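J.: Numbering (the numbering used here), first residue to last: 1352 to 1674.
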């Protein structure tokens, strides 16, 4: 997540979940870190993280014993292991794991194969998380070019590359380049919306985030409303994705002065977050957007009562990833 013009933007693909753009003043670094960990804990509630990582390592070792260390069968458990390392912020280990997977795929399929492109794309996202943005751009652009050649301009993987590279340029404040890529990505996702509706919703959210960063709030509203409708239909009205969309809409309505609508949307989102977190919710962790003026009226007493005391101020040079 990067601070841009007084607001934080949270983006899909580079972070892996629904887009959130939060009204300033936004979450501090400490609050954002806590919220991200809560989200991880929710996902892993039934399977402790260390056990899952050990299981993934076991799967890699089993594939190596049965097939050999460089066999294609090792690539899939390596991918799983790398994603787990990445989810824990163990980026160096994730990089080594993904690079090993890439070598196996290149040896088996050749440098231009779509599977190789996907591996390069994943390494590009990881490089961005590590702050290696020149390397990230190089890998993301390579993956896009490879996918367009091998799969054609309208494939879903091409859309993924377009959208993630567009998000990357948004974070670099290269708005014109970002807009062109995101619009192309949304157009491709729209072609497949009947078979991949959730990917279409994510693309809409990414384009809405782009509009938000340019303070084009009226343009962002219908995009976010479409994403909300899809997420509610496909995932349920109480899903975390729907809550993120509701929060986004609340932020937008607040920006255009529709405070009553914003409060209603925030209340709906708050109810979903509270229900999802239950007793596991730390008292100091706010849902995204909680520090906006309208949300200060919405939050229940004690939800973030000690957040200010326990958090540190965000600096303009801080780059954080989304929860």
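Where a beta carbon is used, it is the ideal one built from N, C-alpha and C, also for glycine. Because the structure is a prediction, the values reported are computed rather than measured.
Which same chain residues end up closer than 8 angstroms to residue 1562 when comparing Cβ atoms and leaving out the 5 residues on each side of it in sequence?
T.: As a first step, residue 1562 is located in the chain shown; it is residue number 211 there, counting from the start. So the qualifying residues of the chain are 1568, 1570, 1571, 1574.
J.: Within a Cβ cutoff of 7 angstroms, which residues of the same chain sit near residue 1590, ignoring the five residues on either side of it in sequence?
T.: Within the chain shown, the letter at position 239 stands for residue 1590. Result list for residue 1590: 1582, in chain order.
J.: Going by C-alpha distance, which of 1412, 1464, 1476 is nearest residue 1440?
T.: As a working note, residue 1440 is residue 89 in the chain shown. Of the listed residues, the one whose Cα sits closest to residue 1440 is 1476.
J.: Leaving out the 5 sequence neighbours to the left and right, which residues in its chain are closer than 6 angstroms to residue 1453 when beta-carbon positions are compared?
T.: Residue mapping note: residue 1453 aligns to position 102 of the chain shown, counting from 1. Hits under 6 angstroms: 1470.
J.: Alpha carbons only, please: which of 1405, 1605, 1410 is nearest the one belonging to residue 1613?
T.: Position 262 of the chain shown, counted from the start, is the residue given in the question as residue 1613. The shortest C-alpha separation from residue 1613 is found at 1605.
J.: Could you tell me whether the segment 1512 to 1519 touches the segment 1531 to 1542, where touching means 3 or more Cβ pairs closer than 8 angstroms?
T.: Result yes; three or more Cβ-Cβ pairs closer than 8 angstroms.
J.: Quick one, which of 1585, 1489, 1529, 1597 has its alpha-carbon nearest residue 1546's?
T.: As a position in the chain shown, residue 1546 is number 195, starting the count at 1. Here the closest residue by C-alpha is 1585.
J.: Could you give the distance in angstroms between the alpha-carbon of residue 1528 and the alpha-carbon of residue 1492?
T.: Mapped onto the chain shown, residue 1528 falls at position 177. Mapped onto the chain shown, residue 1492 falls at position 141. Roughly 13 angstroms between the two C-alpha positions.
J.: Between which two residues does the alpha helix (DSSP H) carrying residue 1489 extend?
T.: If you number the chain shown from 1, residue 1489 lands on position 138. Where residue 1489 is concerned, the enclosing alpha helix (DSSP H) stretches over 1484 to 1502.
J.: Hey, which unbroken runs of the beta strand (DSSP E) at 3 residues or more fall wholly within the segment 1569 to 1594?
T.: For the segment 1569 to 1594, not a single whole beta strand (DSSP E) run of length 3 or above is found.
J.: If I measure Cβ to Cβ from residue 1501 and keep anything under 8 angstroms in the same chain, skipping five residues before and after, which residues do I get?
T.: Here residue 1501 corresponds to residue number 150 of the chain shown, with the count starting at 1. Same-chain partners within the cutoff: 1463, 1464, 1465, 1468.
J.: Which same chain residues end up closer than 7 angstroms to residue 1448 when comparing Cβ atoms and leaving out the 5 residues on each side of it in sequence?
T.: Start at 1 with the first residue of the chain shown, and residue 1448 comes out as number 97. Cβ neighbours of residue 1448 beyond the five flanking positions: 1429, 1432, 1433, 1436.
J.: In the structure shown, what three-state DSSP assignment does residue 1607 receive?
T.: If you number the chain shown from 1, residue 1607 lands on position 256. Residue 1607 falls in the coil class under three-state DSSP.
J.: Just to confirm, are residue 1565 and residue 1526 a CB contact at a threshold of 9 angstroms?
T.: Stepping through the chain shown from its first residue, residue 1565 is reached at position 214. Stepping through the chain shown from its first residue, residue 1526 is reached at position 175. Contact: yes.
J.: What's the gap between the Cα of residue 1496 and the Cα of residue 1611?
T.: Working through the chain shown from its first residue, we reach residue 1496 at position 145. Working through the chain shown from its first residue, we reach residue 1611 at position 260. Cα to Cα, the separation comes out at about 46 angstroms.
J.: What residue from 1508, 1416, 1519 has the CA that sits closest to residue 1551's CA?
T.: Within the chain shown, the letter at position 200 stands for residue 1551. Out of 1508, 1416, 1519, 1508 has the C-alpha closest to the C-alpha of residue 1551.
J.: Just the C-alpha distance for residue 1484 and residue 1518, rounded to the nearest angstrom, thanks.
T.: For the purposes of this step, residue 1484 is taken as the residue at position 133 of the chain shown. For the purposes of this step, residue 1518 is taken as the residue at position 167 of the chain shown. For residue 1484 and residue 1518, the distance between alpha carbons rounds to 13 angstroms.
J.: At the level of alpha carbons, what is the spacing between residue 1489 and residue 1523?
T.: Residue numbering aside, residue 1489 sits at position 138 when the chain shown is read from its first letter. Residue numbering aside, residue 1523 sits at position 172 when the chain shown is read from its first letter. Taking the straight line joining both Cα atoms gives about 14 angstroms.
J.: Excluding the 5 residues flanking residue 1481 on each side, which residues of the same chain have their C-beta closer than 6 angstroms to its C-beta?
T.: Indexing the chain shown from 1 puts residue 1481 at position 130. Excluding residues within five positions, the ones whose Cβ falls inside 6 angstroms are 1442.
J.: State buried or exposed for residue 1560, treating a residue as buried only when at least 16 other CB atoms are found within 10 Å of its CB.
T.: The sequence position of residue 1560 within the chain shown is 209, counting from 1. Flag for residue 1560 reads buried.
J.: Judging by CA-CA distance, which residue of 1594, 1607, 1603 is the nearest neighbour of residue 1628?
T.: Taking the first residue of the chain shown as 1, we reach residue 1628 at position 277. For the residues 1594, 1607, 1603, the minimum Cα distance to residue 1628 belongs to 1594.
J.: Give every residue of the same chain whose Cβ lies closer than 7 angstroms to the Cβ of residue 1415, excluding the five residues on either side of it in the sequence, and list them in chain order.
T.: Your numbering for residue 1415 matches position 64 in the chain shown. Contacts found: 1425.
J.: Starting from the Cα of residue 1505, find the closest Cα among 1479, 1534, 1486, 1521 and give me that residue.
T.: Working through the chain shown from its first residue, we reach residue 1505 at position 154. Selected option, being the one with the closest Cα: 1534.
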